[in-house]
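Asker: Below: one structure in structure tokens.
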Amino acid sequence: VRATRGGEEVKAYVPSMGQIFLRRFQLVTQFRQALEDGQVSVHYQPKVSLPGKHVLGVEALVRWQHPEFGRVDPDEFVPAVEAAGLVGALTSFVLDKALDRVRRWMDEGLRISVAVNLSVRNLADAEFPGKVADALTRFGVPAELLTFELTESGVMADPQRALPILRELHGLGIELAVDDFGTGYSSLAYLRQLPVDQVKIDKSFVLGMGTDLSDLAVVRSIVELGHSLGLTVVAEGVEEDVARDQLEAMGCDVAQGYLISRPLSEERLEAWLQARTARSFDRQAEAVLTL
Ligand code: C2E
Ligand code: MG
Ligand code: MG
Ligand code: MG
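Using UniProt numbering, the letters of the sequence shown map in sequence onto residues 587 to 877.
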């Protein structure tokens, strides 16, 4: 793109539609190979309890280090992979990595759960719960240590299809969380019918609550609504001490965000756990990690 500013020619890189389509096409066609070539990895972001600051679990977040494009964000490639019908491969890749991680923690006497993000397409695959049950058996991980995060829009897209699958997953003992809560159609009546255990307040409200009273009101009402339905309430996007303190005062149960930790590679997560936590063993010789 060429433009003139004050008679001086400036060049800015603005990709054309053609370039955007080409890149998307490349991402989609290269995805399977990228999984095999080790370009795709899983990072983990800790979740801590409020006010106790126990490390309850981690969320698995996929990362793609592309040889040509560099780091490609999941917000870009996950929708492309979904649209191309390849999300089954993505989910099983992330699930295997995540369960392997939990298994190794179990071997060290640590009880840390892992949350994996699902796509709307997973909830349209009648064989998905069976595949998950197989993976749990393969890694010897109890279902209680696995959480699936799904967005409201993912469930609402096709509730007839998604509901039986969610019930089956829940029946296995897996925790279910509604992600990015507050951004979708949030039919409160509908939330009651879903077999969910947790709501995650969308980070846009949590980020805004320090300066915007309406964001603060949304956060407060989600905490109240969640609790009145017997759900665990998780806040994502906790970047400031003030936000953490406000959430704690409201009775929000769990916090996740840059204040606690960014998503970390496996190696860096290990270092984080070692450096930031005290390991106190209870009678079952299960470690409780406290910040
Ligand atoms: P999400 O599941 O809502 O994940 C939270 C996103 O917020 C992550 O972005 C995380 O890095 C970011 N985040 C965490 N704490 C903070 C904070 O304090 N401040 C701010 N500003 N951001 C924070 P990420 O890793 O880029 O992932 C984006 C989205 O991509 C995820 O949103 C999820 O919807 C999707 N995604 C990521 N991994 C997977 C996956 O394995 N499978 C599927 N289907 N989707 C995934
Ligand atoms: Mg999530
Ligand atoms: Mg979210
Ligand atoms: Mg999101």
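For each residue, glycine too, the CB sits at the ideal point set by N, CA and C.
Nearest-angstrom Cα distance between GLN784 and VAL820?
Answerer: Distance between the alpha carbons of GLN784 and VAL820 is about 7 Å.
Asker: Applying the 10 Å Cβ sphere with the 16-neighbour rule, what's the burial state of SER705?
Answerer: SER705 comes out buried.
Asker: If you measure between the beta carbons of VAL828 and GLY843, is that distance less than 7 Å?
Answerer: No, the Cβ-Cβ distance between VAL828 and GLY843 is not below 7 Å.
Asker: Sorry if obvious, but does the Cβ on ASP839 come closer than 6 Å to a heavy atom of ligand 3?
Answerer: No.
Asker: Looking at C-beta atoms only, is the number of pairs between the region 785 to 795 and the region 750 to 759 that lie closer than 8 Å three or more?
Answerer: Because the criterion of three Cβ pairs below 8 Å is not met, the region 785 to 795 and the region 750 to 759 do not touch.
Asker: Mind checking whether the beta-carbon of ASP765 lies closer than 6 Å to any heavy atom of ligand 2?
Answerer: Yes, the Cβ of ASP765 comes within 6 Å of a heavy atom of ligand 2.
Asker: With a CB to CB cut of under 8 Å and the five nearest residues on each side skipped, what residues in its chain are close to residue 575?
Answerer: With the chain covering 587 to 877 only, the question about residue 575 has no answer from this structure.
Asker: Output the boundary residues of the beta strand (DSSP E) element that contains GLN842.
Answerer: Here GLN842 belongs to no beta strand (DSSP E), and DSSP marks it neither H nor E.
Asker: How would you write the range of the beta strand (DSSP E) that ILE760 sits in, first residue to last?
Answerer: First-last for ILE760: undefined, no H or E at that position.
Asker: Among ASP693, ALA729, ASN708 and ILE606, whose alpha-carbon lies nearest the alpha-carbon of PHE655?
Answerer: PHE655 has its Cα closest to that of ILE606, out of ASP693, ALA729, ASN708 and ILE606.
Asker: Is any heavy atom in ligand 3 found nearer than 6 Å to the beta carbon of GLU822?
Answerer: At least one heavy atom of ligand 3 is nearer than 6 Å to the Cβ of GLU822, so yes.
Asker: Expressed to the nearest angstrom, what Euclidean distance is found between the alpha-carbon atoms of GLU668 and GLY740?
Answerer: Taking the straight line from one Cα to the other gives about 12 Å.
Asker: Taking 6 Å as the cut-off, does the CB of ASP708 come closer than this to any heavy atom belonging to ligand 2?
Answerer: In the sequence as displayed, the identity of residue 708 is Asn instead of Asp. Every heavy atom of ligand 2 is 6 Å or more from the Cβ of ASN708, so no.
Asker: What do you reckon, is the C-beta of GLU735 under 6 Å from a heavy atom of ligand 2?
Answerer: Correct: GLU735 has its Cβ closer than 6 Å to ligand 2.
Asker: By how many angstroms is the C-alpha of GLU856 removed from the C-alpha of SER847?
Answerer: Each residue's alpha carbon lies about 12 Å from the other.
Asker: CA-CA distance, ASP682 and ALA721?
Answerer: Spanning the two alpha carbons is a distance of roughly 7 Å.
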